[in-house]
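First up is the structure itself, then whatever we jot down about it.
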RNA sequence: CCAGACGGCCGGAUGGCCGCCGUCGCCGCCUCCGGUGCGCGGCGGAGGAAAGUCCGGGCUCCACGGAGGCACGGAGCCGGGUAACGCCCGGCGGGGGCGACCCCAGGGAAAGUGCCACAGAGAGGAGACCGCUCGCCCCGGGCCGCGAGGCCGGUGAGCAAGGGUGAAAGGGUGCGGUAAGAGCGCACCGCGCGCCCGGCAACGGGCGUGGCACGGCAAACCCCUCCGGGAGCAAGACCAAGUAGGGGCGGCAUGCGGCGGUCCCAGGACCGCCGGCGGGUCUGCUUCCGGACCUGCCGCCCGGGUCGGUCGCGCGAGGCGCCCGGCGACGGGCGUCCCAGAUGAAUGGCCAUCGCGUGGGCGGUCGCCCACGGACAGAACCCGGCUUACAGGCCGUCUGGCAUC
RNA sequence: GCGGGCGUGGCGGAAUUGGUAGACGCGCGUGGUUUAGGACCACGUGGCUCAGGCCGUGGGGGUUCGAAUCCCUUCGCCCGCA
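Numbering (my numbering), first residue to last: 236 to 380.
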């Protein structure tokens, strides 16, 4: 499998932009938001993911643990089914801590499909090939859904 | 065996696969100081409270240092420990418990001010409601009684024992004393004062004396003694990039000396530079001394910039072991070890075995099987304390009770 | 990191000089009015016992004769500055 790099969103501005894009799906164990990456940031073979755990989740231990479980789920699911050039924000819910890990993975897969940025990594593969020929071209635009 | 008191400790273990952060080495790539990898390997990787942020410090900046006054905040029995503390240790005093032991912001109320609601006669150099005692009521105040006298009422004095109010009523209990009473007198207790003894001290003990004066509240104002400059690692320093130390309004001051230049009727005007006499600033306010900085200062408003990286950043009042001093907190010496360093923030996902607890089942008491559970909680500059949270478990010392020998 | 504020019946909010806790409004309950409902009117309304009383101002402790008020500690919520 071609390796897909997963980077982390770190700026508050990025979180606000992804939320404003409006593509959102809530599963029992998590909430997923998605938006196309800005052109300046888009890079082939990369998705960027941010994690959010508010104080509603619990104390610092609970919040950190929720983000770790989400990171583990993302590492398990994203390389196969995420769309390159997209930014995602994964938000922890109260059930994130107690839900069985298999169910959490199912939640993330379903949310990816519903949010529309799923795909067809096979089609994306072709585009990436073309992009590789033009090294400084912008990444895939979120066009063809 | 049961109940309890105090002190100390642990905070599941081992392994496999895939991942995370730091560091070292190798390899690949690049714009080859260095950076980077969707490469490999070795090593290290949260706590007893990392928490709350209630105290005390280190460190950094505000140039800084010294002396005094005012204000503000804090501490408050004595001695010791400590870098320091509001912490700790050992004592003292008071209170609680049969006891082991536990609790206490525990200076000053004769420096002053203030408060003590309601109730009550009186709430602070007090007071007389019900009362107690004595005298008088004129040729007998009224009633009862043969009478001595008794009861009631009025009035003038004395008293504060008893009743009653209250959280608190101006020492307590008892005896004497008295018309009735009163520290009026006496004994004991309490309190004040003086002397002596023990103790570094807080304080304790004894003797004498006073005759009660000194009600409570200072977590009311306050007085006394002691302590405290402010801000905080988003401190602060450097690199890169970049901008405009720009503009407006108001108030105060727009002085002095020297040099140079320009102008004009040798006297001034204007500009520039220097000095820093004068002026201003120096972290709560203020005075003084030294020192530093500025040359217009202060206040308000408009406009521009801020987003990246490196350092600070972990050898420290450090951990562990042994010995010595000390009742102890702790101190000293020797040996040994290096032990997190992130910045949307590192420990996760899956699984196995063992161990612990609870429940159920099986078999003649010790095992086997199954299911469930495993707390409080995550370093963010560092350290010393305090406080709070916490499943389960271990060790030691002591107290009271029951049973047996 | 630094600083400040709040917590009172079911709800919003008084009482803050220490002196009877729950004023006032909303809501709720009962009764009246109406064919019925609304509106309106009257009464009641923290809990336990119901004789007297006891407990109640987020929790715990202290000072005081007496604490919603003062002090300490703790929990929760909110706000400001860098």
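Yeah, the Cβ is synthetic: ideal placement off N, Cα and C, and Gly gets one too.
May I ask you to report which of helix, strand or coil DSSP gives residue i?
| i | result |
| --- | --- |
| residue 314 | helix |
| residue 352 | With a pLDDT of only 48 at residue 352, under 50, the local geometry of the prediction cannot be trusted, and the value read off the model is given with reservation. In this structure, residue 352 counts as coil in the three-state DSSP scheme. |
| residue 240 | strand |
| residue 253 | helix |
Check each candidate in the options and name the one with the smallest Cα separation from residue i.
| i | options | result |
| --- | --- | --- |
| residue 242 | 261, 251, 281 and 271 | 281 |
| residue 311 | 347, 287, 289 and 296 | 347 |
| residue 244 | 341, 324 and 319 | 324 |
| residue 273 | 250, 350 and 320 | 320 |
| residue 349 | 336, 283, 246 and 317 | 317 |
| residue 240 | 313, 341 and 270 | 313 |
| residue 309 | 298, 291, 296 and 286 | 286 |
| residue 326 | 315, 337 and 290 | 290 |
| residue 335 | 301, 267 and 288 | 301 |
| residue 284 | 295, 299 and 270 | 270 |
| residue 249 | 322, 345, 340 and 339 | 322 |
Counting only runs of 3+ residues fully inside the region 255–343, write out the beta strand (DSSP E) ranges in chain order.
258–261, 265–271, 281–287 and 321–327
Stretch-stretch touch, CB-based, cutoff 8 Å, three pairs: the region 300–318 with the region 254–263
Under the three-pair Cβ rule at 8 Å, the region 300–318 does not count as touching the region 254–263.
Taking contact to mean at least 3 C-beta pairs separated by less than 8 Å, is the region 328–338 in contact with the region 246–256?
no
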